[in-house]
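The next block holds one structure in the form of C-alpha cells; read it before the comments.
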Amino acid sequence: MKTINISTRSRVQFVDITQRIAELVSNSHVNHGIAVIYSAHTTAGVTVNENADPDVVADLMNTLDRLVPRRGQYAHGEGNSDSHIKASMIGLSVTVPVENGQLMLGTWQGIYFCEFDGPRSRRVLVQLVAEKRDNPWNA
Amino acid sequence: MKTINISTRSRVQFVDITQRIAELVSNSHVNHGIAVIYSAHTTAGVTVNENADPDVVADLMNTLDRLVPRRGQYAHGEGNSDSHIKASMIGLSVTVPVENGQLMLGTWQGIYFCEFDGPRSRRVLVQLVAEKRDNPWNA
Amino acid sequence: MKTINISTRSRVQFVDITQRIAELVSNSHVNHGIAVIYSAHTTAGVTVNENADPDVVADLMNTLDRLVPRRGQYAHGEGNSDSHIKASMIGLSVTVPVENGQLMLGTWQGIYFCEFDGPRSRRVLVQLVAEKRDNPWNA
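Chains as they are written, first to last, in my numbering: chain G, -8 to 130; chain U, -8 to 130; chain A, -8 to 130.
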C-alpha cells in the first residue's frame, strides 16, 4: 500500500491526483488488476470526473453546497456536518481497473481528492491488487 | 479485463446489464473474488438497485433530476453539468463479490448502467480479481 | 466470503459494524489486500463516516430525509421509493485497504450499515482479496 499526502488550501477544494496515482501504478508493473484510491478521512472523499474543464468540478462543488449547505439545522457541534454528509454522498474511494501498468481511465476522466473541510493535511491510501496471471479470464 | 458496449437511446436512461456481467463472470471460472464494473465516462455511472419493478429506477432518475435539474446556474458551458454531477453522486463503479463463478447479488439486485447525457455509445469495463485458493479465509 | 447478519430496529438506522468487520479481517491473516463490505439489498447501503460523535450519522440520516422525503411523487407503489434512492446515493458497498490483517481506516472512520427501510433482517457480505506476496508493489 502506498500513501499520498495532500495539503489543501480551501475549505472546499477538489485536487486532481490523477498523475500521482498513475505514476504509482506504472511503477508497480501490474499486468491485470485494480487500484483502490481511498480517503482516510470523514470529511473528504474521492471521485472521478472530467479534468478538461475546471468548471465541471466547480459546478459539482457548488451543487453539493446548495443541497447540503454549511449552515443548517445540524446536531453535530463542530460546524462541519455538511462536510461529513458530502463525504458520504460522494464516497470515500474509487476503484479503477488496471491493465499493463496503466489506469484504465476514460478519455476525459481524472481522479479527484474532494476536500470538504479544509484547509488540512490529508492522506490518500492507494492499494493495488493484481489478478493471477494464470486466470483463464486473462487468456 | 472485458469491455461491454452499450448504445443508449435517451438523455437519461438506466440500462440493466446484470445478465451481460453475469455471463462474463460465469465464463471466468473464478472461485472466490470480486467483479468491478466501471463506467469509463464522466456523464454516466453504475449502480445496483431493484430490477423487479421498473418504477424504482424511474423514481431514482426523477429524484436526481429534481435535486440536480438540467437547467440551473452552472459554469460549464456544454449544457450537461447536471450529468457530470449525477455521475459523481451515483458513482462510477460498483464492486460485487463473486463466489463459484457467480455474482453474489441479493434477491432483488440488478446492475444498472446509468446514462445521464445520452443518447451515446458507451463502454463499461469489467475487471475480475480472484482471491488465492490457499488463503485461509477460504478454507 | 463471509456473511454478517444484522437485525435493524427502526425504519432508518445506521449500525456501526466496524468491529465485526475488523475481527473477520484479523482472522484472515492477509498481509496486503482489500476488504469489500457489500449490502445484498436494494433499500440499504454501506458507508464510512465518523464513529466518535453519533450526531454525525444522525445529521446524515436527517439530511437524506430532507433531500429524499418518504412521502413524495413516486411511481413505485410500495411506499419505500425513498429507501431505494438513498441506497443508490450512499452506495451499496465500501472497499477498504488491508495491511497486516488490519483495516486501514482513518482515525475517526467507522463502517456503517445504512438501513433505509427497516426494521428488517439484513445480510452484509464481506469479501477479502489478498495481493500476491511477490508483487514488486509490496517490496
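All C-beta atoms, glycine included, are put in the ideal place defined by N, C-alpha and C. Please read these numbers as outputs of a predicted model, since none were measured by experiment.
CB contact below 9 Å: residue i versus chain G
| i | result |
| --- | --- |
| L116(U) | yes |
| E90(A) | yes |
| I25(A) | yes |
| I(-5)(U) | no |
| M(-8)(A) | no |
| N122(A) | Inspection of the sequence shows that residue 122(A) is occupied by Glu rather than by Asn. Yes, E122(A) lies at the interface with chain G (some Cβ there is under 9 Å from its Cβ). |
C-beta contact flag for residue i and residue j at 9 Å
| i | j | result |
| --- | --- | --- |
| K77(U) | V59(U) | yes |
| V39(A) | T33(G) | yes |
| G106(A) | R2(A) | Here residue 106(A) is Glu; the residue named in the question, Gly, does not match the sequence. Yes, they are a contact pair. |
| V120(A) | I(-5)(A) | no |
| I102(U) | V27(U) | no |
| I8(G) | F104(G) | yes |
| A31(A) | T86(U) | no |
| D73(G) | Y65(G) | yes |
| R113(U) | A35(U) | yes |
| Y29(U) | L83(U) | yes |
CB contact below 9 Å: residue i versus chain U
| i | result |
| --- | --- |
| L15(G) | no |
| Q64(A) | yes |
| S30(A) | yes |
| D7(G) | no |
Nearest residue (CA-CA) to residue i, options the options
| i | options | result |
| --- | --- | --- |
| T167(U) | N18(U), Y29(U), I81(U), A35(U) | Residue 167(U) is absent from the model: chain U starts at -8 and stops at 130. |
| H23(U) | Q64(U), L94(U), R11(U), L51(U) | L94(U) |
| A49(G) | I12(G), F5(G), S74(G), R62(G) | F5(G) |
| P45(U) | L51(A), H67(A), M52(A) | H67(A) |
| S19(A) | K(-7)(A), A43(A), E41(A), T(-1)(A) | K(-7)(A) |
| N71(G) | D108(G), V47(G), N42(G) | D108(G) |
| H75(G) | V47(A), P110(A), V115(A), R111(A) | V47(A) |
Any C-beta of chain A under 9 Å from that of residue i
| i | result |
| --- | --- |
| Q100(U) | yes |
| M95(U) | yes |
| V3(G) | no |
| A49(G) | no |
| F104(U) | no |
| A130(G) | For A130(G), the predicted model reports a pLDDT of 48, less than 50, meaning its position is unreliable and no value from the coordinates is stated. |
Own chain partners of residue i with C-beta closer than 7 Å, once the 5 adjacent residues on each side are dropped
| i | result |
| --- | --- |
| V21(A) | V89, G92, L119, A121 |
| L51(A) | N40 |
| R111(A) | T(-1) |
| R61(U) | D73 |
Cβ shell of residue i (< 6 Å), same chain only, five flanking positions each side left out
| i | result |
| --- | --- |
| Q100(U) | V39 |
| V42(G) | The residue you asked about is not Val; residue 42(G) is Asn in the sequence shown. Hits under 6 Å: D7, G101. |
| S79(U) | none |
Same chain, Cβ closer than 8 Å to residue i, five either side skipped, listed in chain order
| i | result |
| --- | --- |
| R11(U) | I(-5) |
| G63(A) | S72, D73 |
| A130(U) | Because the pLDDT at A130(U) is just 49, under 50, the model does not fix this residue reliably, and the point stays unresolved. |
beta-carbon residue i near the ligand GDP non-hydrogen atom, thresh 8 Å
| i | result |
| --- | --- |
| E90(G) | Inclusion of the ligand GDP in the displayed structure is not the case, the ligand content being empty and no account of it being possible. |
* Anything in the stretch 34 to 45 of chain G with a Cβ closer than 7 Å to a Cβ of chain U? List those residues in chain order, please. => Residues of the stretch 34 to 45 of chain G with a Cβ closer than 7 Å to any Cβ of chain U, in chain order: T38, V39, N40, E41, D44.
* **Where the stretch 51 to 85 of chain G meets chain U: residues whose CB sits under 7 Å from a CB there** => Under the 7 Å Cβ criterion, the stretch 51 to 85 of chain G contributes L51, T54, L58, M80, I81, G82, V85.
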